[in-house]
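Q: So that we are looking at the same thing, I have put the structure below in C-alpha cells.
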Amino acid sequence: MTGHGFIHRGHQDHEDHKGFVVFVILVSFVIGAVARCAAQPAPAEPKFDSSRAYEDMRQMVSIGPRPSGSPAIAKTRDYIEKELTAAGLAPEELPFDARTPLGVVHMVNIRATLPGAAKDRGRLVIGGHYDTKLVREFPFVGASDGASSAAFLLELGRSLKGRANPLPIELLFLDGEEAVVDWQGQDHTYGSRQYVQDAQRARTTKDIRAFILVDMIGDRDLGIRREQNSTPWLTDAIWSAAKRMNRPEFIEESTPIEDDHLEFLRAGIASVDIIDLDYPAWHREEDRLDHVAAGSLQIVGDVLMAALPAIESRLTTR
Ligand SMILES: [Zn+2]
Numbered sequence: 448m449t450g451h452g453f454i455h456r457g458h459q460d461h462e463d464h465k466g467f468v469v470f471v472i473l474v475s476f477v478i479g480a481v482a483r484c485a486a487q488p489a490p491a492e493p494k495f496d497s498s499r500a501y502e503d504m505r506q507m508v509s510i511g512p513r514p515s516g517s518p519a520i521a522k523t524r525d526y527i528e529k530e531l532t533a534a535g536l537a538p539e540e541l542p543f544d545a546r547t548p549l550g551v552v553h554m555v556n557i558r559a560t561l562p563g564a565a566k567d568r569g570r571l572v573i574g575g576h577y578d579t580k581l582v583r584e585f586p587f588v589g590a591s592d593g594a595s596s597a598a599f600l601l602e603l604g605r606s607l608k609g610r611a612n613p614l615p616i617e618l619l620f621l622d623g624e625e626a627v628v629d630w631q632g633q634d635h636t637y638g639s640r641q642y643v644q645d646a647q648r649a650r651t652t653k654d655i656r657a658f659i660l661v662d663m664i665g666d667r668d669l670g671i672r673r674e675q676n677s678t679p680w681l682t683d684a685i686w687s688a689a690k691r692m693n694r695p696e697f698i699e700e701s702t703p704i705e706d707d708h709l710e711f712l713r714a715g716i717a718s719v720d721i722i723d724l725d726y727p728a729w730h731r732e733e734d735r736l737d738h739v740a741a742g743s744l745q746i747v748g749d750v751l752m753a754a755l756p757a758i759e760s761r762l763t764t765r
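According to the numbering used here, the residues represented by the sequence shown are 448 to 765, in order.
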C-alpha cells in the first residue's frame with residue numbers, strides 16, 4: 448500500500464521529469480524486491496503431523512506388550528531413541544532401580560531437550576509414559592495406554608525442532624507409570640516419582656517451570672475432561688486454546704485422575720494432565736490399533752501447539 452502512495456506523489460511532480468523516471472525505476476526495484484521476498488517460502492510454521500505419530504504408535508504396538516523391565520520395553524527404548532536422534536535431538540537415559548511388589552525392576556526414563564531463548568529461566572517439561580501395563584491373562588499392547596503418549600512426544604519433538612522456543616522444552620518419556628500389581632500404595636508412577644525426587648535431591652525443582660502430561664490420547668472417540676488436580680492456569684491455557692479452535696473433544700466438565708503429574712504437583716510445580724480415561728478398551732485386550740486414530744493425536748497436537756505461546760509467555764514474564 449505504501450508503494451502506491453509513492454507513485455502517486457511522483458506523478459504530481461511534473462517539473463523534474465528525469466527525477467520522476469529515476470524515482471519510478473527505484474520504486475520498481477523496491478516492488479520487485481518485495482515481490483521476491485513474498486515469493487520466498489516463509490520459515491515453515493511448526494506443524495504436528497499425526498500420520499508420523501500414528502506410524503510411531505504402530506511401530507511400538509507391533510513390538511507387543513511392553514511392561515517395565517521387559518526385553519520389549521528395551522526395544523521400545525531403542526525405537527524412541529532412534530527416532531529422537533533422527534529428529535536431530537540428543538536422547539538421554541535416566542536409569543534407576545524401582546522397588547516394586549514383584550521385587551526390584553530396572554527402569555529408564557528418557558529425555559531430550561529442545562533449546563530455548565531464555566536459558567536462565569528453567570524449562571518446560573512435556574511428558575508421558577511409554578511402558579504398558581503388565582497383564583498375564585491376555586496380550587496387552589496398549590495402543591492408547593502407553594504407545595499414544597510416546598508417539599505424541601516423538602512427533603512433538605519433530606515439529607518443535609525448527610521452532611524458536613522462548614524456553615527450553617524437555618520431552619520426557621516416563622517408565623513405570625503402570626502398577627506392577629495393583630494401583631495402590633506406591634505401586635505406580637515409578638518414573639515420575641524418581642524424576643521429581645532426583646530433582647528435589649539436586650535442589651533443581653525450581654528449574655522445572657511447568658509439567659504438561661499426556662496420557663491415553665489415542666482414543667478414536669476422543670473426549671478429554673479437565674483434570675481436577677491440575678493447576679488451573681495451565682489447564683485454562685489449554686482448554687481456552689481448544690475453545691478458540693472449536694474442539695469439543697476438550698470437555699469443560701472436570702474429573703480427578705491419579706497420574707504421573709501428581710508428584711510434580713506435590714513438589715509445587717504447575718502441572719496439567721491431558722488424558723482421555725473414558726476409553727472402553729482401557730486395560731483390556733481391545734486397546735489395539737483399531738481403537739485409536741491418527742485424528743485424535745492431531746487434535747491434541749494442534750491444541751497443545753496453539754496453547755504453547757500463552758504458557759510460555761506466562762513462564763517467561765514471571
Ligand atoms: Zn494404564
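Quick reminder that beta carbons are idealized off the backbone N, C-alpha and C, glycines included. In this text the structure is predicted, and so the values were computed from the model without any measurement.
1. For the region 634-679, which segments carrying the beta strand (DSSP E) assignment without a break, of at least 3 residues, lie completely within its bounds, in sequence order?
2. May I ask you to check if the CB of E625 is nearer than 7 Å to at least one heavy atom of ligand 1?
3. Using the C-alpha atoms, what's the distance from E696 back to R568?
4. May I have a chain-ordered list of the alpha helix (DSSP H) segments no shorter than 4 residues that lie completely inside the region 676-705?
5. Please return the same chain residues whose Cβ sits closer than 7 Å to the Cβ of A565, not counting the five positions on each side in sequence.
6. Starting from the Cα of L621, find the closest Cα among V739, A559, Q506 and give me that residue.
7. So V739 and S595 are supposed to be a Cβ contact under 8 Å. How far apart are they, rounded?
8. Could you pull out every residue in the same chain whose Cβ sits closer than 8 Å to the Cβ of E602, ignoring the five residues on either side in sequence?
9. Can you have a look at N693 and say buried or exposed, based on whether 16 or more other CB atoms are within 10 angstroms of its CB?
10. Exposed or buried, L549, counting other C-beta atoms within 10 Å across all chains shown (16 or more means buried)?
11. Helix, strand or coil for L543 per DSSP?
12. Please state if the CB of A590 and the CB of L736 are separated by a distance shorter than 8 Å.
13. Indicate, with yes or no, if ligand 1 has a heavy atom lying under 7 Å from the CB of D592.
14. The beta strand (DSSP E) spanning T560 covers which residue range?
15. Would the beta-carbon of D723 fall within 8 Å of that of G670?
16. Out of E624, H730, D662, I698, which has the shortest C-alpha to C-alpha gap to T547?
17. Within the present structure, is the beta-carbon of K529 separated from the nearest heavy atom of ligand 1 by less than 7 Å?
18. Sorted by chain position, which residues of the same chain lie with C-beta nearer than 7 Å to A754's C-beta, five sequence neighbours on each side aside?
19. On a CA-only basis, which of P538, Q641, L536, T523 is nearest D707? Give me that one, please.
20. Keeping to the same chain, check which residues put their C-beta closer than 8 Å to that of G511; ignore five residues upstream and five downstream.
21. What did DSSP end up calling E733 once you bin it into helix, strand or coil?
22. If distances are taken between C-alpha atoms only, which option among H730, R513, L618 comes closest to T579?
23. In terms of residue numbering, what span does the beta strand (DSSP E) encompassing H738 cover?
24. Roughly how many angstroms lie between the CA atoms of L709 and L619, to the nearest whole one?
A: In this structure, then:
1. For the region 634-679, whole beta strand (DSSP E) runs of length 3 or above, ordered along the chain, are 655-662, 671-674.
2. For E625, the CB falls within less than 7 Å of some heavy atom of ligand 1.
3. Each residue's Cα considered, the two are about 33 Å apart.
4. Counting only runs of at least 4 residues, the region 676-705 fully encloses the following alpha helix (DSSP H) elements, listed from N- to C-terminal order: 679-691.
5. Counting only Cβ-Cβ distances below 7 Å, and skipping sequence neighbours, we find P613, L614, T763.
6. Residue A559 is the option with its Cα nearest to L621.
7. Confirmed, Cβ separation roughly 6 Å.
8. F495, D496, S497, R499, A500, D503, L744, G748, listed in sequence order.
9. Counting C-beta atoms within 10 angstroms of its own C-beta, N693 has fewer than 16 neighbours from the protein chains shown and is therefore classed as exposed.
10. Classification of L549: exposed, given that the 10 Å Cβ count is below 16.
11. First, the residue type needs correcting, since residue 543 is Phe and not Leu in the sequence shown. Strand.
12. In this structure, A590 lies closer than 8 Å to L736 by Cβ.
13. Indeed, a heavy atom of ligand 1 lies less than 7 Å from the Cβ.
14. Unbroken beta strand (DSSP E) run through T560: 550-561.
15. Their beta carbons are under 8 Å apart, which means D723 touches G670 by this criterion.
16. Checked all of E624, H730, D662, I698; the closest Cα to T547 is E624.
17. No.
18. Taken in chain order, the residues that qualify are A684, I685, A688.
19. Comparing Cα-Cα distances from D707 to each of P538, Q641, L536, T523, the minimum goes to Q641.
20. Here the set comprises A519, P586, V588.
21. It is coil, neither helix nor strand.
22. Of H730, R513, L618, the residue nearest in Cα terms is R513.
23. H738: not part of any beta strand (DSSP E); DSSP gives it neither H nor E.
24. Approximately 15 Å between the Cα atoms of the pair.
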